[in-house]
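To keep things clear, I will list the structure first and then write my remarks on it.
There are 2 protein chains.
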Amino acid sequence: MEYEKPLFFEIMSYAVHADRDVVDMVSGNPDWEPPQSLRDGLREYADFDQSEFQYAPSEGLRDLREEIAARRGVDESQIVVTNGGGEANYLAMARALERGAGDEIILTDPVYPYYPGKTSMLGGTQRFVPTDDDGTLDPAAVRAAASDDTACIVVNSPNNPTGAVYPEETVRELVAIAEAHDAILVSDEVYDHYDRSGRFSSALSVDSDHRIVTNSFSKTFAITGFRVGYAVFPEQHVEAAKARHMLVNVATTRPGQHAVLHALRNTDPAYHEANRQLLAERVDTFTDALDEAGAEYTDPDGAFYVMARFDGYPGTVANTKALIDDAGVAGMPGEAFGDAFDDWFRFALVTPRVEAAADRLAERFG
Amino acid sequence: MEYEKPLFFEIMSYAVHADRDVVDMVSGNPDWEPPQSLRDGLREYADFDQSEFQYAPSEGLRDLREEIAARRGVDESQIVVTNGGGEANYLAMARALERGAGDEIILTDPVYPYYPGKTSMLGGTQRFVPTDDDGTLDPAAVRAAASDDTACIVVNSPNNPTGAVYPEETVRELVAIAEAHDAILVSDEVYDHYDRSGRFSSALSVDSDHRIVTNSFSKTFAITGFRVGYAVFPEQHVEAAKARHMLVNVATTRPGQHAVLHALRNTDPAYHEANRQLLAERVDTFTDALDEAGAEYTDPDGAFYVMARFDGYPGTVANTKALIDDAGVAGMPGEAFGDAFDDWFRFALVTPRVEAAADRLAERFG
C-alpha cells in the first residue's frame, strides 16, 4: 500500500474548491478547546528564564517523564518524549525492524495509512490482516499471519478509522503472538481518552519485553499542532530508541512539553468526560441519520470516526467527490485505508456541523 | 566514528559532580536572551483560536516558509520547516543516500559528532577529510577523497568545533565536487548569524541541484529548546524529503513556528549584532588568556567555540577531567570530534564566566 497523503490532500482540496457549502469530515483535527491549563502553561513558559528556552533533555523533561511514568505505572527510564505520536510510532517500528528478527510488519486492514508508509520507508514488508466488518480484530487471524519473518505487529485502539476498541483478551493475545515470534507489538493508543465503551485496555497492562506502547497529547488535549507524544519501551530497547531520537530530532519542543506538563497537572477529569460526551452525542446524531439513509456502519466505541457503506454507492474517490458536490459532505474514500473497506467512506466527527451533515446524508440516501 | 553522546554526558556529569566551582564550557547552549519579539510571539499564540492549535501544514506554516524564502532568495516550495537543524540534516543526508548514487558520506575531521552518528544510522559509510590546524578545509583534499561512491559531503560553516568560516571559493568548489560525482553537498549553516569575519558564504549563493542547505533558529534566536529549523532542497528532491518528514514527524511544532515567525518579522538587526559583539569580546578575553598560557588555538571567525592545545597536556578524556578538578574549567576532549584534533580541547564561550575561565587557564598553564 502506498503512502496516502496525496489522496488526503486531493479530497481536502476538492472540498475547499467545491461550488457549494461543504461540511468537512475529512481530517481528524479536534474542533474542541484545549484545556485552559494548557494555554496557561504556554503563557507561563513565555516568561521563563532564557536557560529554559534551551535544549530539554533528549528523552524529555524529567518532570514530564515522571508525570507520565506515574500515570502509566512504568519506570521513567522507559519513556521517550517524542515529536508526537508520529515519531513515537516511527521509533518503535524502526526498533522492531533493526533487530534483525524479521522484516515483515503486520498491519490491520483497514489501517491508519501512516503505518504502511512508515513500514516501506524503513525497508520493511507490509502484511495485512483484515478486520471484521465492525472493525473487530480476530487475534487468530493475526496468529495465522505471523511467522518468524514478523518483526512487528502494529495496532491502534481505539481505532482510526473503524472506532473499534480492542478488549483485554485481544491485547493479551497480540502480545503473546509477538512473544511467540520474537516480534514486537506496537500498540498505538493515542485515542485512549476517547474510549466510550469503558473496555479499552492498554498494552501496558500486559507485562512483556515484546510490546511498545505509543501515545500522544495531540488528541488528549486537542493540540495536534504541538507535537508532543511519547513511547514506552521495554528496558532492553530504550537505549537504541533514545539514540535514534537524538540522531533524528535531538529533542522534543520544550514549550510544548511544558504546556503539556502543566495541563497534566491541572486539568480536571471532567474535561475529558465532556469531550467523550460531545463525541457520543455526535455519534448518535450521525448514526441515526445513517439508519435513515439505510447505510451500514461501524458503531464506534472510541476515537473520532464512523465508517459507513451506502448500498449501491461505494466509497470510491469518484463517489467521494460526487458526495461533496451532491450532498455537501466531505468524507474520505475507504481505499485510503486499504482493501477491506474500500467500498466504505470514513467520516470524521470533529466538526460542530455533524447534524447538518447527518441531515444531508439522510436526505441524499434516505 | 561512534556517536558521542555518552562522552558528552560523561563530561557534563563529571563537571556537575566536581568538588569545586567549575565554569561550564562544555555545551553549546546560548546564555543570552532570545529577542523579546519571540516571547511576544509565544504569548500571542497562547490566545489563538483552538483551530491554530492543530496541525500546521507538514512542510511548515505558509507564512513562515514565505518569510524564509524571501530572506534566502529561494522558492517557498523548496523549504521544509523541520524539528530543528537536527532533523534538517537527517532529511538531507537520508535523501542523499536513498538515491542509490553511492553510500559514502564525506565529513570533515574535526566533525560535529552528530554527522557521523547520522551517517551510520542511515546505513552510510563515513569518510573523513582532515582540516588544517586552524580549521581551514582544503577543497583539494575533499576532491581527492571524493569518488563515484560519494553520496554526500557534509560541511558546517561557521564551524563547530573550529570556528572556521569557509570563504566563497571553498563553498563553490565543494558544490562543484558534489556535481562531479553525482553527490549532494549538505551545507549546515546554523551559525550563519554568528559570522564575525564578514566572509561567510551560504551554499545558496551557488545555484545547483547538488546542494541542500540546512539551518535552524536555535542559535539565531537563542532557542535551542524550541526545535524549529529548515532545509532548502533542490526541486527534484523536495517531494521525497517532505514525504520522509511527514512519515517521521508529521509536522513541526506550531507554537514554536509562530514564535519564530513573529521574531523574524519583529527583531531588529541590532539584536544579532549585539550577540556577535558579545562573542567577539569573549573570544578576545579567552584567546588573550590562551596566549598567556602559551597555548595554540583556532582563532574563530564564527560560531561559539575555541579549540586549544596546551603543550604537554593533550586534550584526552583524562586530562579534561583533570582540568575540571585542577583548574575548574570544563571543556570537551578533542577526541569527541574525531582524530585530527584529538589532543586539543574545545571550549564553548556560552557562559558569562568566560573571563573567570580564562584567568584560571592562564594561571594553570601560564
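Read top to bottom, the protein sequences are chains A and B. To convert, note that position 336 of the first sequence is 336 in UniProt numbering; the numbers rise steadily by one, no gaps. To convert, note that position 7 of the second sequence is 7 in UniProt numbering; the numbers rise steadily by one, no gaps. All residues carry an ideal CB built from backbone N, CA and C; glycine is no exception.
Note to self: Any beta carbon from chain B within less than 8 Å of A:M332's own beta carbon?
What the structure shows: Residue 332 of chain A sits at position 332 when you count from the first residue of the first sequence. No, its Cβ sits nowhere closer than 8 Å to a Cβ of chain B.
Notebook entry, point to check: When the distance is taken between beta carbons, is B:A327 closer than 8 Å to B:L361?
Noted result: Numbered from its first residue, the second sequence carries residue 361 of chain B at position 361. Numbered from its first residue, the second sequence carries residue 327 of chain B at position 327. Yes.
Margin query: In chain order, what are the residue ranges of uninterrupted alpha helix (DSSP H) at least 4 long that sit wholly in the stretch 211-242 of chain B?
Written below: 217-220
Checklist line | Residue from B:F9, B:D19 and B:M1 whose Cα sits closest to the Cα of B:A322 | finding: Position 322 of the second sequence, counted from the start, is the residue given in the question as residue 322 of chain B. Ranking the options by Cα distance to B:A322, first place goes to B:D19.
Notebook entry, point to check: In the structure shown, what three-state DSSP assignment does A:M1 receive?
Noted result: Within the first sequence, numbered from 1, the residue matching residue 1 of chain A stands at position 1. The answer is coil: DSSP assigns A:M1 none of H, G, I, E or B.
Notebook entry, point to check: When you compare only the Cα positions, how much space is there between B:G198 and B:P139?
Noted result: Indexing the second sequence from 1 puts residue 198 of chain B at position 198. Indexing the second sequence from 1 puts residue 139 of chain B at position 139. Their Cα atoms are separated by approximately 20 Å.
Next item on the list: Note down, in chain order, every chain A residue with its Cβ under 7 Å from the Cβ of B:A88.
Entry: Along the second sequence, read from residue 1 onward, the residue named residue 88 of chain B stands at position 88. Within 7 Å Cβ-Cβ: nothing; B:A88 doesn't reach chain A, min ~11 Å.
Next item on the list: Go ahead and pull the three-state DSSP assignment for B:G85.
Entry: Reading the second sequence from its first residue, position 85 is the one you call residue 85 of chain B. In this structure, B:G85 counts as helix in the three-state DSSP scheme.
Next item on the list: Scan the stretch 213-231 of chain A for residues whose Cβ lies nearer than 9 Å to a Cβ of chain B and list them as they occur along the chain.
Entry: S218, F221, A222, I223, T224, G225, F226, R227 and V228
Checklist line | Straight-line Cα distance separating A:Y305 from A:A69 | finding: Indexing the first sequence from 1 puts residue 69 of chain A at position 69. Indexing the first sequence from 1 puts residue 305 of chain A at position 305. Taking the straight line from one Cα to the other gives about 29 Å.
Notebook entry, point to check: Would the beta-carbon of B:R244 be found less than 7 Å away from any heavy atom of the ligand FAD?
Noted result: In the structure shown, the ligand FAD is absent, as is every other ligand, since no ligand is present at all.
Item checked: Ordered list of beta strand (DSSP E) runs contained in the stretch 53-108 of chain B, each at least 3 residues -> 79-82
Notebook entry, point to check: B:N156 lies in the beta strand (DSSP E); which residues open and close that run?
Noted result: For the purposes of this step, residue 156 of chain B is taken as residue 156 along the second sequence, with counting starting at 1. That run of the beta strand (DSSP E) goes T150 to N156.
Notebook entry, point to check: Are B:Q257 and B:L64 closer than 8 Å when you measure CB to CB?
Noted result: On the second sequence, residue 257 of chain B is found 257 positions in, with the first residue counted as 1. On the second sequence, residue 64 of chain B is found 64 positions in, with the first residue counted as 1. Their beta carbons are under 8 Å apart, which means B:Q257 touches B:L64 by this criterion.
Margin query: Can you confirm whether A:M121, when its beta carbon is compared against all beta carbons of chain B, has any partner nearer than 8 Å?
Written below: Sequence index remark: in the first sequence, residue 121 of chain A carries index 121 (1-based). Judged by the 8 Å Cβ criterion, A:M121 is in contact with chain B.
Check: Just curious, the alpha helix (DSSP H) that B:T320 is in, first and last residue?
Finding: On the second sequence, residue 320 of chain B is found 320 positions in, with the first residue counted as 1. Per DSSP, B:T320 belongs to the alpha helix (DSSP H) from V317 to A327.
Check: How many angstroms separate the CA atom of B:F217 from the CA atom of A:Y297?
Finding: Residue numbering aside, residue 217 of chain B sits at position 217 when the second sequence is read from its first letter. Residue numbering aside, residue 297 of chain A sits at position 297 when the first sequence is read from its first letter. Their Cα atoms are separated by approximately 48 Å.
Check: Which residue comes first and which comes last in the alpha helix (DSSP H) that contains B:Y114?
Finding: Here residue 114 of chain B corresponds to residue number 114 of the second sequence, with the count starting at 1. That run of the alpha helix (DSSP H) goes Y114 to M121.
Note to self: Just to check my reading of the structure: A:V171 and A:I153 have Cβ atoms closer than 8 Å, yes? What is that Cβ distance to the nearest angstrom?
What the structure shows: Taking the first sequence and counting its residues from 1, one reaches residue 171 of chain A at position 171. Taking the first sequence and counting its residues from 1, one reaches residue 153 of chain A at position 153. The pair is not a contact, with the Cβ atoms about 11 Å apart (cut-off 8 Å).
Next item on the list: Could you please give me the residues that DSSP links to A:D188 through a beta bridge?
Entry: If you number the first sequence from 1, residue 188 of chain A lands on position 188. Its beta-bridge partners are A:N156 and A:T214.
Note to self: What does DSSP give as the partner residue(s) for A:V126 in the beta ladder?
What the structure shows: Indexing the first sequence from 1 puts residue 126 of chain A at position 126. Note on residue identity: the sequence assigns Gln, not Val, to residue 126 of chain A. Note: A:Q126 sits in a beta bridge opposite A:I105.
Notebook entry, point to check: Does the stretch 99-112 of chain A touch the stretch 268-278 of chain A, meaning 3 or more C-beta pairs lie closer than 8 Å?
Noted result: no
Checklist line | Per DSSP, the bridge partner or partners of B:Y297 | finding: What you label residue 297 of chain B is simply residue 297 of the second sequence in a count that begins at 1. Paired residues: B:A308.
Next item on the list: Report all residues from its chain with a CB closer than 7 Å to the CB of B:G84; omit the five preceding and five following residues, and keep chain order.
Entry: In the second sequence, counting from the first residue as 1, residue 84 of chain B sits at position 84. Excluding residues within five positions, the ones whose Cβ falls inside 7 Å are S216, S218, R227, V228 and G229.
Margin query: With a threshold of 8 Å between beta carbons, is B:F53 in contact with chain A?
Written below: Translated into the one-based positions of the second sequence, residue 53 of chain B becomes position 53. Judged by the 8 Å Cβ criterion, B:F53 is in contact with chain A.
Note to self: Between B:Q50 and chain A, is the shortest Cβ-Cβ distance under 8 Å, so that the two count as touching?
What the structure shows: Here residue 50 of chain B is taken as the residue at index 50 of the second sequence, counted from 1. Output row for B:Q50: interface = yes.
Note to self: I'd like the span of the alpha helix (DSSP H) that includes A:F286, first residue to last.
What the structure shows: The residue labelled residue 286 of chain A in the question sits at position 286 within the first sequence. Here the alpha helix (DSSP H) through A:F286 covers P269 to E292.
Note to self: Could you tell me the alpha carbon to alpha carbon distance between B:T214 and B:L261, rounded to whole angstroms?
What the structure shows: Position 214 of the second sequence holds residue 214 of chain B. Position 261 of the second sequence holds residue 261 of chain B. Between B:T214 and B:L261, the C-alpha separation is close to 17 Å.
Check: By Cβ distance, which residues of its chain are closer than 7 Å to B:R346, with the 5 residues on each side in sequence left out?
Finding: For the purposes of this step, residue 346 of chain B is taken as residue 346 along the second sequence, with counting starting at 1. Answer for B:R346: P161, Y305, M307, G331, M332, G334 and F337, listed in chain order.
Next item on the list: For my contact list, B:N249 and B:D188 are in at a C-beta cut-off of 8 Å; report their separation, rounded to the angstrom.
Entry: Indexing the second sequence from 1 puts residue 249 of chain B at position 249. Indexing the second sequence from 1 puts residue 188 of chain B at position 188. Rounded, the Cβ-Cβ distance is 19 Å, inconsistent with contact.
Check: In angstroms, rounded to a whole number, what distance separates the CA positions of A:A178 and B:K118?
Finding: Numbered from 1 along the first sequence, position 178 holds the residue referred to as residue 178 of chain A. Numbered from 1 along the second sequence, position 118 holds the residue referred to as residue 118 of chain B. About 29 Å.
Notebook entry, point to check: A:L247 versus chain B: which residues are under 8 Å apart at the beta carbon?
Noted result: Taking the first residue of the first sequence as 1, we reach residue 247 of chain A at position 247. Residues of chain B passing the Cβ test: Y3, G86, Y90, Y114, G117, K118 and M121.
Checklist line | Residue-level contact to chain A via CB, B:V250, 8 Å cutoff | finding: As a position in the second sequence, residue 250 of chain B is number 250, starting the count at 1. Yes, because at least one Cβ of chain A sits closer than 8 Å to the Cβ of B:V250.
Next item on the list: Taking only the alpha-carbon atoms, compute the straight-line gap between B:R364 and A:E76 and give it to the nearest angstrom.
Entry: Locating residue 364 of chain B in the second sequence gives position 364, counting from the first residue. Locating residue 76 of chain A in the first sequence gives position 76, counting from the first residue. Between B:R364 and A:E76, the C-alpha separation is close to 42 Å.
Check: Apart from the five residues just before and just after A:A303, which ones in its own chain have a Cβ nearer than 7 Å to its Cβ?
Finding: Here residue 303 of chain A corresponds to residue number 303 of the first sequence, with the count starting at 1. Hits under 7 Å: P158, N159, N160, G163, Y191 and Y194.
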